[in-house]
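S.K.: Attaching a single structure in structure tokens format; questions to follow.
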Amino acid sequence: TDSNDLKDEL
Amino acid sequence: MNIFRLAGDMTHLFSVLVLLLKIHTIKSCAGISLKTQELYALVFATRYLDIFTDYISLYNTCMKLIFLGSSFSIVWYIRRHKIVRRSYDKEQDTFRHHFLILPCIILALLINEKFTVKEVMWTFSLYLEAVAILPQLVLLQRTRNIDNLTGQYIFLLGAYRSLYILNWIYRYFTEQHYVHWITWISGLVQTLLYADFFYYYFHSWKNNEKLQLPA
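The listed protein sequences derive, respectively, from chains A and B. All the letters of the first sequence, read from the start, carry residue numbers 1 to 10 under the working numbering. All the letters of the second sequence, read from the start, carry residue numbers 11 to 225 under the working numbering.
Encoded structure:
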């Protein structure tokens, strides 16, 4: 997984 | 998750709770822009499409459900609740918010990381969130007398955006160095829109005065 993918933010 | 991100999410959550508290207990939405609230509901509806397809964490899913549920219920309260809707200042809340949506759609179609439905919708939600506060700020300028809860609501929203920028700076240095121009620039634009409000908010707080914006 892409650790710096901002999709894990709200 | 770093401390800035968590603090940002919490201020965002508190902002929504403050607004719901005002609407639910005082049964008033005076000074609140329905236009901005409708834009936020649209922002969350287009951004959280992945809620059914990608599982990130329980925290992530719960927060998404809270933001979706709260934004739509706030819109419902202002539009439909028989007491709350009476306090809605329709004559003052005149910002043509529909005209913000089309440019955001076009921009999302032109400038995105991947040309897929989900990605374009996600990008659209970022652009729209950047400008969604505008009807609320215009309404504040008009009403001038801002009650404490409305002031706190907008302060918390601005704090949430500022903390997210600190979070991106932190992530940039602690994780692999990817550049996220779309998120960063729209986030920065959004935060800058609060600069003026912050100035008057801190000014009134320092002088222990009631918050008032200049005409």
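Don't be surprised by glycine CBs; every beta carbon is placed ideally from N, CA and C.
Suppose the cutoff is 6 Å on Cβ atoms and the five residues either side in sequence are ignored; what does the same chain contact list for B:Y210 look like?
M.R.: The residues are L223.
S.K.: May I ask you to list, following chain order, the residues of the region 70–87 of chain B that have a beta carbon less than 9 Å from some beta carbon of chain A?
M.R.: Taking 9 Å as the Cβ-Cβ cut-off against chain A, the residues of the region 70–87 of chain B that qualify are N70, M73, K74, F77.
S.K.: What residue from B:N217, B:S67, B:E48, B:S80 has the CA that sits closest to A:D8's CA?
M.R.: Of the candidates B:N217, B:S67, B:E48, B:S80, the one whose C-alpha sits nearest the C-alpha of A:D8 is B:S67.
S.K.: Between B:V189 and B:F134, what straight-line distance do the alpha-carbon atoms span, to the nearest angstrom?
M.R.: Near 19 Å, if we compare the C-alpha coordinates of B:F134 and B:V189.
S.K.: Closest by CA to B:F14, which one among B:F183, B:V127, B:L173, B:T193?
M.R.: Measuring from the Cα of B:F14, the nearest candidate turns out to be B:L173.
S.K.: Exposed or buried, what is B:P145 when buried is set at 16 or more other beta-carbons lying within 10 Å of its beta-carbon?
M.R.: When all chains shown are included, B:P145 counts as buried.
S.K.: With a cut-off of 7 Å, does the C-beta of B:I33 fall near any C-beta of chain A?
M.R.: It does not; no Cβ of chain A falls within 7 Å.
S.K.: Is it the case that the region 47–61 of chain B contacts the region 127–142 of chain B, given that we only count it when at least three CB pairs across the two stretches are under 8 Å?
M.R.: Contact holds: three or more Cβ-Cβ distances are below 8 Å.
S.K.: At a Cβ threshold of 7 Å, is B:D19 touching chain A?
M.R.: Yes, B:D19 lies at the interface with chain A (some Cβ there is under 7 Å from its Cβ).
S.K.: Do you know whose CA, among B:E185, B:A169, B:I195, lies nearest B:F212's CA?
M.R.: It is B:A169.
S.K.: Measure the C-alpha to C-alpha separation of B:L78 and B:I88 and round it to an integer number of angstroms.
M.R.: When rounded, the distance between both Cα atoms is 16 Å.
S.K.: For a quick check, are the C-beta atoms of B:Q200 and B:R171 less than 7 Å apart?
M.R.: Their beta carbons are under 7 Å apart, which means B:Q200 touches B:R171 by this criterion.
S.K.: What in chain A is Cβ-close to B:R171, meaning under 7 Å?
M.R.: Those within 7 Å of B:R171 in chain A number zero; the least Cβ separation is about 12 Å.
S.K.: Are the CB atoms of B:K45 and B:D99 within a distance shorter than 7 Å?
M.R.: No. Outside cutoff.
S.K.: Suppose only complete runs of 4+ residues qualify. What are the alpha helix (DSSP H) ranges in the region 131–219 of chain B, listed by chain order?
M.R.: 144–153, 158–184, 191–202, 205–216, all fully within the region 131–219 of chain B.
S.K.: Please state the DSSP three-state secondary structure of B:E47.
M.R.: Checking the sequence, you will find Gln at residue 47 of chain B rather than Glu. Helix.
S.K.: Tell me B:Q102's beta-bridge partners as DSSP assigns them.
M.R.: BP columns for B:Q102 are empty, so no partner.
S.K.: From B:V112 to B:L138, what distance separates their C-alpha atoms?
M.R.: Note that residue 112 of chain B corresponds to Leu in the displayed sequence, not to Val. Taking the straight line from one Cα to the other gives about 10 Å.
S.K.: Pull out every residue of the region 165–197 of chain B whose Cβ sits closer than 7 Å to any Cβ of chain A, in chain order.
M.R.: Correct list: R181, E185, Q186, Y188, H190, T193.
S.K.: Does B:I116 come within less than 7 Å of chain A when only Cβ atoms are used?
M.R.: No, B:I116 lies away from the interface with chain A (no Cβ there is under 7 Å from its Cβ).
S.K.: Taking its Cβ as the centre, do 16 or more other Cβ atoms sit within 10 Å of B:T21, making it buried, or is it exposed?
M.R.: When all chains shown are included, B:T21 counts as buried.
S.K.: Hey, how far is the Cα of B:V85 from the Cα of B:N155?
M.R.: Going from the Cα of B:V85 to the Cα of B:N155 covers about 23 Å.
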